[in-house]
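Basically the numbering used here = 1-based index in the sequence shown + 6. Ideal placement from N, C-alpha and C gives every residue a C-beta, glycine not left out.
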Amino acid sequence: MFGDIDTESEKREFVRLRQEKDELEASSNALKALRRQLEAIKRKLELSGMELEQTNQQIWTAEAEEKTNKDEVVRMDALLKPCADFDPEPMTGEFTELQEKAKLTLKNIVAVEGQVSKSIDGQMSHQTRLINEAEKAMLPLMANFLRDYPEHSANLHAEAEYSADFTALRVQIDKEELPQHKQRFEEFLGTNLIGDMAMFQSNLLEHEKIIRRRVEAVNVALVTIPFSDTTHVQVTAPPTRADDIKQFRARLKDCLRGGLQPSADDRLHIFKSIRELISDFEKDDAWTRYVTDARNWFEFGVRELRDADKREVNYYSASSGKSGGQKAKLAFTILASAISAQYGLLGTDSEADTFRLVVIDEVFARTDEANSQRALKLFQQLGLQLVVVNPFDAKGRIVEDFVDSFHVALNPDGNNSKLRRASRAEYDAAVDGAATNTRSVVPTAAPIPLTDARS
């Protein structure tokens with residue numbers, strides 16, 4: 007058949023098919039491109055959806071934070087409302103210090119508030135403690151001031167609420183009253199106070215010198231009075247080691263360290279020293295009497311020396327243990343020498359017509375007979391004119407051999423006492439008829455001839 011040999015139609019079909027093939031291949035590439043584009047678009051859409059979701063989430067979060075922040079602003083406004091008149095300017099430094107500890111944001115405002123509150127509470131506790139300590143120190147000073155200056159007590163009290171009033175008074179005193187009184191104080195300190203203190207010290211030092219001179223005079227007399235067959239005694243008077251006396255004398259010296267005209271730098275110190283010393287005088291009368299008695303400035307003792315070479319045999323101090331007899335012997339020996347020095351009997355004749363009267367009241371009641379006899383012999387040796395007042399008992403009759411006349415108080419009826427003067431012979435006769443509770447006394451009115459009282 008023709009168709010079987012018709013190649014042209016086959017060629018045309020081949021060409022057509024090739025074209026279709028090419029077209030199909032070309033359209034397939036485009037499809038692939040479209041598919042790729044579709045995939046790309048899908049991916050973009052997916053990413054856009056995710057971004058949209060994230061954006062929506064951020065929007066929702068921002069809206070929630072906005073609401074929270076608005077609520078916080080309302081709360082803060084409510085907290086700040088009572089402090090509307092507060093001026094932060096004076097506290098700028100404190101606020102800056104707090105702000106530097108934590109950067110404040112809306113997110114950390116609650117946490118920072120807690121931290122700042124804790125810090126402020128700590129500072130408040132510290133300041134409260136300082137205030138309490140200041141009050142504890144301040145209130146006694148207020149009370150002392152009102153005690154020393156009671157004229158201010160009508161308007162002031164020793165309470166913390168009056169601190170501003172005390173401060174105002176301090177300013178007034180510093181600026182107004184103090185300058186007015188400064189000149190008067192300088193004059194008083196220079197002409198009165200220091201002068202009086204110098205006179206006070208001078209009197210004490212004079213008493214000290216008098217005591218030393220008396221000790222010297224007594225020692226001169228003691229050389230002539232035997233303490234034993236081979237010894238005599240001497241009184242020693244070194245300065246005391248008592249702290250109260252040493253401190254008092256040092257303080258007294260410090261009060262006058264600048265002389266009568268101290269420098270301006272020394273005046274205030276001297277005034278304080280004098281004021282403190284006078285204050286101590288006022289607080290403790292017993293201490294004042296003790297330190298201002300110049301006799302307490304010495305530690306008296308007695309040295310027993312051998313007559314031959316003046317070597318010390320014994321030393322007697324106030325703290326050393328002595329028997330009653332030793333004490334009495336020392337006492338009578340020193341008493342006799344003191345009387346001798348007081349009357350100026352050294353180197354005088356015991357029979358000289360001089361006044362040397364000594365009244366002894368019951369002195370032998372507490373001593374043994376041997377020491378009493380020794381004392382009477384000492385008094386006799388010195389030529390003392392004795393008036394002895396004693397109970398009419400065995401102790402009192404020790405003096406019988408040393409007196410020339412007696413004055414006996416009699417009260418036989420128990421109503422009225424009568425005084426009878428008698429010679430020794432008359433006395434001996436009267437003893438038998440004397441009433442029971444009699445006492446030998448010295449009359450206060452009737453004159454007593456010295457010859458009758460001489461031992």
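Run of the alpha helix (DSSP H) containing residue i, from where it starts to where it stops
| i | result |
| --- | --- |
| H132 | I115 to D154 |
| K215 | I200 to V229 |
| L175 | S169 to Q178 |
| T294 | D291 to V297 |
Enclosing beta strand (DSSP E) for residue i [first to last residue]
| i | result |
| --- | --- |
| Y321 | E318 to S323 |
| T246 | Where T246 is concerned, there is no enclosing beta strand (DSSP E), given that its DSSP letter is neither H nor E. |
| H238 | T237 to T242 |
| E310 | G307 to R312 |
According to DSSP, residues forming a beta bridge with residue i
| i | result |
| --- | --- |
| H413 | R427 |
| F361 | None; F361 has no bridge partner. |
| F304 | P245 |
Three-way DSSP call (helix, strand, coil) for residue i in this model
| i | result |
| --- | --- |
| L388 | coil |
| N396 | strand |
| I366 | strand |
| L336 | helix |
| P232 | coil |
| N422 | coil |
| A90 | coil |
| S54 | helix |
| D271 | helix |
| N161 | coil |
| R1 | The question about residue 1 has no answer, for the chain in this structure spans 7 to 461. |
| T111 | coil |
| G265 | coil |
| D315 | coil |
| D374 | coil |
Cβ-based neighbour list, residue i, same chain, cut-off 6 Å, excluding 5 preceding and 5 following
| i | result |
| --- | --- |
| T442 | Per-residue confidence for T442 stands at a pLDDT of 40, beneath the threshold of 50, marking its modelled position as unreliable; no derived number is given. |
| P244 | E305 |
| L456 | Annotation note: pLDDT 31 at L456 (below 50); position unreliable, coordinate value reported separately. Same-chain partners within the cutoff: Q391. |
| G420 | none |
| T294 | F287 |
| L258 | Q207 |
Close beta carbons around residue i, own chain, < 7 Å, minus the five adjacent residues each side
| i | result |
| --- | --- |
| V224 | V241, I340, S343, A344 and A347 |
| H213 | A300 |
| G201 | L266 |
| D458 | Bear in mind that a pLDDT of 37 at D458, under 50, signals an unreliable position, so the number given afterwards is only what the model happens to contain. Result list for D458: D410 and S411, in chain order. |
| R309 | V239, Q240, T242, E318 and Y321 |
| F254 | V297 |
Own chain residues within Cβ distance below 8 Å of residue i, not counting five before or after
| i | result |
| --- | --- |
| E26 | none |
| L311 | T237, H238, V239, Q240, R317, E318 and V319 |
| P449 | Unreliable placement is indicated for P449, whose pLDDT of 36 sits below 50; the coordinate value is still reported in the next sentence. Correct list, in chain order: H413 and L425. |
| I33 | Per the sequence presented here, residue 33 reads as Ser, with Ile not at that position. Cβ within range, chain order: n/a, list empty. |
Residue i CB to nearest heavy atom of the ligand ADP below 7 Å
| i | result |
| --- | --- |
| G389 | The model depicted lacks the ligand ADP and carries no ligand whatsoever. |
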